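Have a look at the structure below before the remarks.
Residue numbers (our numbering): 1482 to 1623.
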């Protein structure tokens, strides 16, 4: 039985707990900014506050997921997907909500795909082919 403290195990498993700390701090700061500002009016009358709230919710959720990354078999794969996904999904949603500019929104689905792959990477599969088959079956409409 291991007698090492949890913080020591987390430090040995890579930078993910520290990155999660920074990401959590950024999520709180952005959440406070979004709570205390008015959002720009857009021509299509999009609800930019809802877009912001979605970005902030996903940011917090995947920050917590990043804390658990050292516990999976291949932490660098899952961690890379989560970090890239948060940047591309949450980042583009934040940008759109704060500016009203849609030009980066085409990257948002790619970020969402990275977040999904991060969760799939946390599951131990015999091969990446098995993981992709499972993901494809889940994402394919009936």
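For glycine and all other residues, C-beta sits at the position ideal for the given N, C-alpha and C. All of these numbers come straight from a predicted model, not from anything done at the bench.
From the options, residue whose alpha carbon lies closest to that of residue i
i            : options             : result
residue 1579 : 1519, 1567 and 1558 : 1519
Rounded straight-line distance, which links the Cα of residue j to that of residue i
i            : j            : result
residue 1489 : residue 1557 : 18 Å
residue 1515 : residue 1503 : 18 Å
residue 1571 : residue 1551 : 22 Å
residue 1568 : residue 1592 : 7 Å
residue 1536 : residue 1563 : 14 Å
residue 1505 : residue 1598 : 21 Å
residue 1511 : residue 1594 : 23 Å
residue 1590 : residue 1566 : 9 Å
Endpoints, the alpha helix (DSSP H) within which residue i is located
i            : result
residue 1517 : Element bounds for residue 1517: n/a, residue is neither H nor E.
residue 1538 : 1529-1549
residue 1563 : 1556-1566
residue 1595 : 1589-1602
Beta-carbon contacts of residue i that lie in its chain and below 6 Å, excluding the five residues immediately before and after
i            : result
residue 1501 : 1544, 1547 and 1548
Cut-off 7 Å between Cβ atoms - residues of its own chain near residue i, not counting five sequence neighbours on either side
i            : result
residue 1588 : 1569 and 1573
residue 1554 : 1605
Own chain, CB closer than 8 Å to residue i, minus 5 neighbours either side, in chain order
i            : result
residue 1582 : 1576
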